[in-house]
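**Q** If you read the sequence shown in UniProt numbering, its first letter stands for residue 1, the second for the next number, and so on.
Below you will find the structure I want to go over with you.
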Amino acid sequence: MQVKHLLLIAILALTAACSSKEVVDENLSEVELYQQAQHDLDNNSYTSATAKLKALESRYPFGRYADQAQLELIYANYKNAEPEAAKSAAERFIRLHPQHPNVDYAYYLKGLTSFDQDVGLLARFLPLDMTKRDPGAARDSYNEFAQLTSRYPNSRYSPDAKQRMIYLRNLLASYEIHVADYYLTRQAYVAAANRGRYVVENFQETPSVGDGLAVMVEAYQRLHLDALAETSLETLKLNYPNHPSLVDGQFKPSVAEADNRSWLSKATLGLIESRPPLPPGETRANQDVQKQFQDAKDSIPSDLKPKDENGQVIEEEQHEAEGNNNSDRSWFSYMTFGVFD
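As C-alpha cells, then:
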C-alpha cells in the first residue's frame, strides 16, 4: 500500500509541476530573453526555455532572434517530451521559412520527434519488441526523413537520417511479418499471402524478405495453390538457402495445420464425430444449403410427386432419366412436376 501511495503522490506532483506556467518578465529585452532561454537550454530547463522562446517570438516577431527562436522552440519541445508541439512548431517554421538556410534542421527535428515518439518510459528500461507495436509514428518518421534526404541531400543531417531510415524500413518490414504470422494462426491464408507478397515487393534488401517468401509458401500450400507455392519455394531456396523454414531442403511450416474438429470430437479423441470432416473444396455453408434443399424436397406430399402408369411414385433418378427422354414436355408439365400430364 505504501508503494501505491508513493506512486500516487509522485504522479500528482508531476502533474502539478507540468501544469504550472512560468511568468516571463515583461521588461526583458530581446537580447535578455534570448540569453536566458539559451541558459535554460544549457541547464536542461526546457519548460522555462519554451516559455521564454514563445515570449521572444510574440514580443519581437521581426527581431534579429525571431527565426532562431522558432528553431530553438522546436528543439525545446522535442527535449521536453512534447512531440505534438515539436512537430507543430517544425511545420510552422517550414511553412513560414521554406528558403531558410537552416530549414533542413526543422525537417530533421520533425523526423526525430516521430522517431522517438513510440519509445515510452517502459521501452527505455524494458526489452520490448518494437516490431510488434503500432508502426504509425515509425512510418511518419520514415517519410519525414525521406523528405529531408530528397530535398537536402547535402545537408549535414542527411547521413544520420539515412541510417535511421534503414532501421525504420527493417522495423516496418518485421511488423508486416508479425501481422502475416497472426493471419496464419487465424487461418486467414489469403490475407497472410498478401502480407508476405507486400514485404517481398516493397521491402527489398531487408532481412524480412525471406520471411515474406516463407509466409507465401505456407499460405499457398494451405490454399492448395500448388503452382504458386512451388514458385515461392524455389525463390526461397535460391535466395535464402539457410532460412529457418528450410530443414534439409524441405519446407517446414511455422504454424501447424489447424484442427477444425468440434470440441466433442477433440474431447473424445475422435471417437464421437459430430460432423464428418469436409472434403477438399467443400464448405459447411454449401453442405447446409444442400441439406435445406433436400429437406424441402422430402417434405413434398406424395400426392404432388410424379407417378407412373400404375400410380407408383417415380424415384428421382428414374424421373430424371424419363425427363431426359421426354424433351418435348410442355412448360405446364414442368411447372406442375408432371402431375397433370
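From the three backbone atoms N, C-alpha and C, an ideal C-beta is built for every residue, glycine too.
Note that the coordinates shown come from a computational prediction; the quantities given were computed from them, not determined experimentally.
On the DSSP letters alone, give me the boundaries of the alpha helix (DSSP H) that G210 sits inside.
**A** Segment 209-222, the alpha helix (DSSP H) holding G210.
**Q** Using a Cβ-Cβ cut-off of 8 angstroms (strictly less than) and excluding sequence neighbours within five positions of N44, which residues of its own chain qualify?
**A** So the qualifying residues of the chain are K79.
**Q** In whole angstroms, give me the CA-to-CA distance for I74 and A49.
**A** Distance between the alpha carbons of I74 and A49 is about 11 angstroms.
**Q** Under a Cβ-count criterion, where at least 16 other Cβ atoms within 10 Å of its own Cβ denotes burial, should G249 be classed as buried or exposed?
**A** Exposed: under 16 other Cβ atoms inside 10 Å.
**Q** For T206, which of L171, P98, R195 has the nearest alpha-carbon?
**A** Ranking the options by Cα distance to T206, first place goes to L171.
**Q** Identify which residue in R195, Q187, I94, D160 has its Cα closest to the Cα of S174.
**A** Nearest option by C-alpha distance: R195.
**Q** Between which two residues does the alpha helix (DSSP H) harbouring N170 extend?
**A** Counting along the chain, the alpha helix (DSSP H) containing N170 begins and ends at 158-185.
**Q** Could you please give me the residues that DSSP links to Q250 through a beta bridge?
**A** The partner list for Q250 (beta bridge, DSSP) reads V247.
**Q** Which class does R92 belong to by DSSP, given the choice of helix, strand or coil?
**A** If DSSP states are grouped into helix, strand and coil, R92 belongs with the helices.
**Q** Report buried or exposed for A180, applying the criterion of at least 16 other Cβ atoms within 10 angstroms of its Cβ.
**A** Flag for A180 reads buried.
**Q** Check this for me: beta carbons of S114 and S141, under 9 angstroms apart or not?
**A** Contact flag set, yes.
**Q** For A219 versus L184, is the C-beta spacing smaller than 9 angstroms?
**A** Their beta carbons are under 9 angstroms apart, which means A219 touches L184 by this criterion.
**Q** Tell me which same chain residues have a C-beta within less than 8 angstroms of the C-beta of S208, skipping the five on either side of it?
**A** Within the same chain, S208 has close Cβ partners N170, A173, S174, E176, I177, V199.
**Q** Compute the beta-carbon to beta-carbon distance between M165 and A138, rounded to the nearest angstrom, for a pair I have assumed lies under 8 angstroms.
**A** 10 angstroms between Cβ atoms; not a contact.
**Q** If you follow the alpha helix (DSSP H) that N239 is in, where does it begin and where does it stop?
**A** Element bounds for N239: 226-239.
**Q** Between L71 and K110, what straight-line distance do the alpha-carbon atoms span, to the nearest angstrom?
**A** So the alpha carbons of these two residues sit roughly 11 angstroms apart.
**Q** Just mark E84 as buried or exposed, buried being the case when its beta carbon has 16 or more other beta carbons within 10 Å.
**A** Exposed, because fewer than 16 other Cβ atoms sit within 10 Å of the Cβ of E84.
**Q** Return yes when the Cβ of Y189 is within less than 9 angstroms of the Cβ of L223, no when it is not.
**A** In this structure, Y189 lies closer than 9 angstroms to L223 by Cβ.
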